[in-house]
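Chemist:
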Ligand SMILES: [Mg+2]
Ligand SMILES: [Mg+2]
Ligand SMILES: [Mg+2]
Ligand SMILES: [Mg+2]
Ligand SMILES: [Mg+2]
Ligand SMILES: [Mg+2]
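Protein chains in written order, with the UniProt record's numbering: chain A, 1 to 253; chain B, 1 to 253; chain C, 1 to 253; chain D, 1 to 253; chain E, 1 to 253; chain F, 1 to 253.
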């Protein structure tokens with residue numbers, strides 16, 4: 001089975017860097033997959049598509065150096081199972097509020113007896129190889145998003161869930177949960193305190209911490225702060241910001 | 001009928017700036033359509049899709065400030081007709097080698113008696129309004145790409161074709177045609193001379209000139225040189241270059 | 001942010017009229033969007049598609065005068081969130097049985113602190129404009145369908161739910177719930193009584209009332225009865241009934 | 001092999017009536033297929049789709065009483081071959097100008113030695129049955145559209161082409177070719193004369209005549225005039241006209 | 001309404017044989033539909049697609065002798081409803097653990113008052129005919145998968161659920177639940193005992209029993225053992241095993 | 001640039017074996033790509049799809065050991081260019097009748113000055129790597145199908161075309177061209193003689209010879225006869241024949 005590329009980074013003492021895909025274009029997926037990321041996360045929560053397109057996007061990513069991951073739209077057992085069948089080497093699940101939910105997430109990502117994932121012939125085996133069943137439980141990672149008030153309250157018990165790879169911060173929703181505007185202010189104030197607390201809790205529990213970054217400076221700051229998994233921006237931000245720069249170059253350059 | 005936004009720019013003495021779309025994602029199309037372009041060109045020649053996807057992309061563009069245009073895959077009458085039916089307000093046709101081909105292009109873009117475009121109930125009318133048939137011949141523009149050795153030889157006769165809106169330079173293919181590497185060197189040498197000649201020929205014939213630019217500096221240079229329609233870069237370049245910058249910010253920032 | 005067109009009608013003392021789309025064709029969507037409706041509802045419950053197609057249909061509607069709305073397939077938080085991200089300016093949720101469910105529906109349609117909707121970069125912002133986040137909670141409407149025996153029993157408590165825009169009657173399912181055949185008899189009998197009760201309850205609670213109509217006469221009757229939101233028929237009924245008329249004209253006309 | 005349903009009508013001394021599909025929705029296709037037509041023509045010329053969608057639409061039609069046919073986007077050998085492979089029991093080809101083109105059309109629809117159609121394993125055999133190869137040349141029909149000035153000039157020689165099933169009038173384009181507005185005036189004037197001439201020429205050559213009708217009255221008139229194949233209206237006209245009636249019923253009924 | 005073909009087999013004292021589809025290709029669906037099966041099950045659990053593709057696959061199957069069925073991705077009311085609307089004549093639901101879940105499944109498959117299925121105009125009626133509503137409750141079958149430890153514990157109470165057509169064994173997951181490797185050993189040991197127990201329980205309750213078979217020998221064995229519904233293999237197994245045989249023939253034959 | 005896997009076989013003195021894909025399912029593509037073939041040919045001539053689907057299928061193949069190739073629907077310059085942009089490492093073009101057509105084919109597959117292929121940013125570069133432009137002309141192969149009477153007549157001059165990789169036999173169409181039934185009889189008679197002549201002509205011209213085989217025995221025979229590229233069967237044949245065997249095992253095993 002293809003190894004988990006995030007862990008290769010972690011084992012080398014480095015942060016892993018993942019891309020974020022919300023365009024339902026396999027060509028865009030490949031473009032991101034060749035841009036230097038360790039993994040690319042297909043976003044089924046805010047991306048305008050569901051599993052049909054998502055699996056195609058993971059198929060496209062499978063031909064690139066980047067490892068396919070998926071953000072599930074929710075803690076839905078069947079959807080998570082299908083994303084794994086479709087070749088996701090990791091699941092990031094939004095809005096985990098409780099340890100019980102985190103346990104459900106882990107269960108959905110593991111075959112019995114460690115979980116309740118259903119076994120079926122699917123492309124994960126094609127992409128992963130004939131030892132997929134034997135190694136999947138150890139290779140595939142489940143990440144719980146901390147981004148609600150309740151999730152923050154239950155942070156330590158969530159971090160303690162056995163089999164969870166890590167916690168992943170959604171700073172926009174977390175800002176809203178803290179009564180702040182959605183554009184994250186990560187350097188000071190309540191969000192900064194929450195990020196610090198999350199990082200500490202993850203470490204204390206022997207788990208990884210990841211975060212979605214909405215500014216380049218944030219990405220560097222978060223890596224230096226110790227986050228293991230950095231998502232620096234996302235496809236539609238790349239496209240619109242670069243397009244605006246080129247338009248300006250054409251009109252005024 | 002919605003007016004031709006390029007002409008509004010031209011009439012104001014400005015260059016028009018168009019985006020270039022090769023991702024078959026309607027969300028990417030909308031993202032480009034809101035990025036400040038006057039038009040967005042759906043590329044059926046090098047983009048990994050044909051008319052089915054292209055019309056969907058033009059539908060998505062129709063809800064943005066950018067006017068939908070299309071680069072046809074070739075000088076194929078039926079395909080050009082369908083792209084117009086699908087709501088293209090302008091066609092850029094690759095590899096026009098002769099004045100005869102340019103006349104075919106114009107004919108495919110115009111209803112009789114000015115051309116041979118077929119009339120049928122289609123979404124152009126929905127997007128354009130009930131006066132579409134009456135105004136389409138005057139509103140929709142046909143641009144001939146000059147990018148082959150033969151096209152360059154026949155430049156003046158192509159520019160003289162009645163009803164043609166302008167000539168549009170494909171600098172990569174034109175470089176190859178001139179025996180140069182495909183990455184355009186627009187500031188000096190054979191390509192620079194050809195660009196100058198094309199611009200002169202267009203002006204002499206009362207036609208517009210447009211160009212695809214692969215560098216920001218090229219976009220500004222071409223506008224200053226007098227090109228009327230500037231395409232500064234393209235979606236996959238935006239995505240990959242911005243992604244690389246953000247990856248660097250995450251790893252080293 | 002684009003205003004809610006239904007409210008413009010309501011504020012003018014008029015009923016709003018919405019189309020109903022179950023064809024997964026963007027061209028059909030645009031055709032309906034230009035047919036005179038104030039809004040068009042993309043039906044994910046009985047339409048043969050899920051969110052991928054639905055968002056494309058809303059993209060197509062975005063270029064028309066009709067405001068995009070969606071009937072969600074069920075009270076599923078993630079699906080409702082994605083439809084909103086995809087540009088729905090209103091959600092109609094089937095089979096609301098209890099006030100608790102109605103509150104969940106409202107919560108799914110509102111950002112914190114008024115609800116639990118997740119914030120993410122998505123096309124709603126493109127379609128709606130940069131003030132989308134600030135105005136979305138006030139602009140986007142949630143409608144609860146009353147169409148089960150339990151929903152009818154809990155009608156008043158459902159109508160009392162804060163933030164709910166209105167109740168919307170599914171007369172076919174409601175007829176079944178009342179022990180009647182599915183083709184609605186709206187003028188007398190148990191269904192007529194239920195419709196009257198629903199209308200009264202909505203008014204008493206300061207909420208709007210809407211209804212799906214399966215006959216032209218029903219549409220007029222319901223408007224005169226005081227329903228605020230009228231859905232007169234649906235696409236497949238239009239297509240099949242008109243087709244039959246034209247077939248008859250060809251064979252016997 | 002399933003028989004040609006048009007011929008069953010013709011053999012019974014009746015006109016055949018075909019539907020016209022431009023919505024790329026398989027559900028819309030089935031809806032039309034159950035509306036009483038003898039056949040439904042999938043329109044690849046003005047419909048916003050190409051062969052991928054068209055074959056899906058014919059698959060959907062295959063489960064209905066209506067026989068699948070296709071209007072090809074042009075006289076393109078490979079496209080016509082693929083539509084046949086996809087299960088079209090008849091091809092209507094636009095803009096046939098000469099007898100030579102009509103012969104090419106016939107050739108594309110027939111296996112050697114009667115034509116140059118390529119043989120390959122495809123769904124036509126699934127839909128048609130194991131005797132498909134043996135009977136296809138005799139069952140599948142090719143219709144040439146007469147709708148240009150040149151086609152009208154060459155009418156008699158086109159009608160004389162061996163193997164052609166009939167000529168089919170595109171009255172919108174033909175009106176343009178005659179210098180008239182595109183909305184057909186079929187009862188008098190140049191178009192009426194042309195229709196009469198086409199009908200006579202077809203009969204004289206032992207060929208069938210068909211026509212696309214844009215009004216119910218036209219459909220009845222054309223049947224009475226002797227046209228064999230009547231296409232009464234089309235899907236988007238059905239949808240928009242019925243929608244407008246229902247909107248009026250809701251607003252004013 | 002088209003009859004249930006499984007029952008025709010059962011009534012004739014025969015086992016029914018169903019195909020299993022995980023390729024999201026309508027052409028593959030038709031190919032299976034013409035291969036001699038009584039039904040073909042579209043697999044939404046492990047197949048790489050959701051309802052959009054699944055309904056297209058059922059449309060394709062509708063033109064074949066095989067009756068369309070679907071395995072739902074989970075016990076999700078809305079999804080099951082939509083698959084029925086899409087023309088499934090039977091639902092196989094994975095991972096039924098309790099009688100309560102089995103009752104929910106039955107309810108999702110039946111209109112009131114026997115269940116809570118929602119009534120709406122959809123393609124089931126097109127495929128089934130105008131008496132669809134009257135006969136659907138009696139024709140469409142719900143099958144509960146027994147494949148978890150909990151489901152096995154509750155086997156008898158699940159079998160006792162009124163309206164359930166039968167139980168269907170997922171031998172891979174059941175093996176995992178029994179602490180065995182996922183490749184089923186059906187002839188002896190714990191799985192063989194479980195299969196026997198399931199068959200007995202189904203019979204005792206007057207229900208049918210079905211099973212998914214991963215080897216040809218297993219298919220024959222299970223039929224002889226008394227299983228009513230046999231699924232012999234699945235599409236991707238057919239394709240890969242046959243391909244390997246042909247590759248060997250080419251390289252070494 | 002990834003090397004041409006066929007040549008690796010040829011250089012090792014072996015025949016190459018290619019799969020044949022007509023299912024528009026990326027999962028089916030991957031399944032074939034992992035079944036032991038050196039390459040898989042996406043069939044746009046008889047497969048029910050065009051370039052949009054074909055490029056997705058090649059993306060899926062890109063993650064497998066099999067090299068992506070495509071059979072173009074015809075000798076259409078723009079389509080062949082797009083398939084190459086989409087990552088085809090080889091083109092098989094049907095129905096090449098003359099040396100002039102073969103030269104056009106070669107030209108469409110090569111950048112200037114060796115051909116007229118257009119250069120554009122596309123996924124071929126992603127899949128192939130940054131040296132794609134430099135090596136594409138030498139790596140990508142063009143194969144001309146010999147399957148018509150005229151092609152057979154012009155065999156030697158076709159084989160002499162510079163830059164052509166080889167000739168590829170379509171035995172079904174060639175049989176028809178020879179006045180035989182479409183199911184190939186390769187062991188004796190006119191087809192056997194033609195195959196021998198083609199093989200000799202290819203060798204005499206220093207070109208490769210390939211053939212599509214419709215029986216396992218034919219595949220072995222053709223390899224032994226000296227054909228370089230063997231296509232043993234095709235996906236729909238695999239699926240239907242294996243399905244029938246499994247049905248038999250279930251019913252009678
Ligand atoms: Mg979030
Ligand atoms: Mg070019
Ligand atoms: Mg309802
Ligand atoms: Mg016409
Ligand atoms: Mg299972
Ligand atoms: Mg052939």
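Heads up, the beta-carbon is just placed ideally off N, CA and C, and yes, glycines get one too.
Quick caveat, the model's predicted, so the values are computed rather than measured.
#1: Under 8 Å Cβ-Cβ, which residues of chain E neighbour residue 48/A?
#2: Assuming residue 211/D is part of the beta strand (DSSP E), what are its boundary residues?
#3: Is the separation between the beta-carbon of residue 218/C and that of residue 246/C shorter than 8 Å?
#4: Indicate the three-state DSSP secondary structure (helix, strand or coil) for residue 310/E in the structure shown.
#5: For residue 50/F, which residues from the same chain have a beta carbon less than 6 Å from its beta carbon, with the 5 sequence-adjacent residues on both sides left out?
#6: Please confirm whether residue 58/E and residue 87/E have their CB atoms less than 8 Å apart.
#7: Compute every distance between the C-beta of residue 43/E and the non-hydrogen atoms of ligand 5, then say whether any falls below 7 Å.
#8: Below 8 Å between beta carbons: does that hold for residue 119/B and residue 180/D?
#9: Name the DSSP beta bridge partners of residue 269/F, please?
#10: Residues near ligand 5, CB to any non-hydrogen atom under 5 Å, in chain order?
#11: Figure out for me which residue from 56/B, 109/B, 191/B and 21/B has the closest Cα to the Cα of residue 139/B.
#12: Return yes when the C-beta of residue 210/A is under 7 Å from any heavy atom of ligand 1, and no when it is not.
#13: Use the C-beta contact count for residue 26/E: other C-beta atoms within 10 angstroms, 16 or more gives buried, fewer gives exposed.
#14: Spell out whether any CB of chain B is found under 8 Å from the CB atom of residue 69/D.
#15: Quick check for students: name the residue ranges of the alpha helix (DSSP H) that lie wholly in the region 117 to 178 of chain B, counting only runs of 4 or more.
#16: Under 7 Å: does the beta carbon of residue 206/B sit that close to some heavy atom of ligand 6?
#17: May I ask you to check if the CB of residue 113/F is nearer than 7 Å to at least one heavy atom of ligand 2?
#18: Name, please, each residue of chain A whose Cβ falls closer than 8 Å to the Cβ of residue 55/C.
#19: Interface residues of chain D around residue 85/B at Cβ under 8 Å?
#20: Name, going along the chain, the residues of the region 143 to 176 of chain D whose beta-carbon falls closer than 7 Å to a beta-carbon of chain B.
#21: In chain order, what residues of the same chain have a beta carbon less than 8 Å from the beta carbon of residue 159/D, not counting five sequence neighbours either side?
#22: Kindly list the residues whose CB is nearer than 8 Å to the CB of residue 10/B, restricted to its own chain and excluding five residues on each side of it in sequence; keep chain order.
#23: Taking the beta carbon of residue 153/D as the centre, do at least 16 other beta carbons fall within 10 Å, making it buried, or is it exposed?
#24: According to DSSP, is residue 103/D part of a helix, a strand, or is it coil?
#25: Whole angstroms is fine: what's the gap from residue 96/A's alpha carbon to residue 155/A's?
#26: Which residues in chain F sit within 9 Å of residue 242/A, going by Cβ to Cβ distance?
#27: Does the CB of residue 127/C have a neighbour CB from chain A at under 8 Å?
#28: Roughly how many angstroms separate the alpha carbons of residue 174/B and residue 184/B, rounded to a whole number?
#29: Helix, strand or coil: which one does DSSP assign to residue 185/E?
#30: Is residue 82/F close to chain B, meaning its C-beta is less than 8 Å from at least one C-beta of that chain?
#31: Would you say residue 71/D and residue 94/D are within 8 Å of each other, going by their C-beta atoms?
Modeler: Quick answer:
#1: Per Cβ cutoff of 8 Å: no residues; residue 48/A is ~13 Å from chain E at best.
#2: In this chain, the beta strand (DSSP E) harbouring residue 211/D covers 208 to 213.
#3: No, Cβ-Cβ distance for residue 218/C and residue 246/C is not below 8 Å.
#4: Missing from the structure shown is residue 310/E; chain E here goes from 1 to 253 and no further.
#5: For residue 50/F, same chain residues with a beta-carbon under 6 Å away, outside a window of 5 residues either side, do not exist.
#6: In this structure, the beta-carbon distance from residue 58/E to residue 87/E falls below 8 Å.
#7: Not so, every heavy atom of ligand 5 lies at least 7 Å from the Cβ.
#8: Taking 8 Å as the Cβ cut-off, residue 119/B and residue 180/D do not qualify as a contacting pair.
#9: The structure shown does not extend to residue 269/F, since chain F spans only 1 to 253, so no value can be given for it.
#10: Counting every residue whose Cβ lies closer than 5 Å to a heavy atom of ligand 5, we get 118/A, 147/E, 170/E and 173/E.
#11: Closest by alpha carbon: 109/B.
#12: No, the Cβ of residue 210/A stays beyond 7 Å of every heavy atom of ligand 1.
#13: Per the 10 Å Cβ criterion, buried.
#14: So, not an interface residue.
#15: 123 to 128, 132 to 139, 149 to 153, 155 to 159 and 171 to 177, all fully within the region 117 to 178 of chain B.
#16: Answer for residue 206/B: no, Cβ out of range of ligand 6.
#17: Result no, Cβ not under 7 Å from ligand 2.
#18: Chain A residues near residue 55/C: 48 and 49.
#19: Under the 8 Å cutoff, chain D gives 46 and 48.
#20: Cβ proximity to chain B below 7 Å picks out 172, 173 and 176 from the region 143 to 176 of chain D.
#21: In chain order, 167, 201, 202, 204, 205 and 207 place their CB closer than 8 Å to the CB of residue 159/D, counting only its own chain and leaving out the 5 sequence neighbours on each side.
#22: The answer, listed in chain order, is 16, 208 and 228.
#23: With fewer than 16 Cβ atoms within 10 Å of its Cβ, residue 153/D is classed as exposed.
#24: Residue state, collapsed to three classes: helix.
#25: Rounded to the nearest angstrom, the two C-alpha atoms are 9 Å apart.
#26: The premise fails here: residue 242/A is roughly 14 Å from chain F at the closest Cβ pair, so nothing lies under 9 Å.
#27: False, the Cβ-Cβ gap to chain A never drops below 8 Å.
#28: Taking the straight line joining both Cα atoms gives about 9 Å.
#29: Secondary structure of residue 185/E (DSSP, three-state): coil.
#30: Yes, residue 82/F lies at the interface with chain B (some Cβ there is under 8 Å from its Cβ).
#31: Against a cut-off of 8 Å, the Cβ pair of residue 94/D and residue 71/D comes out as a contact.
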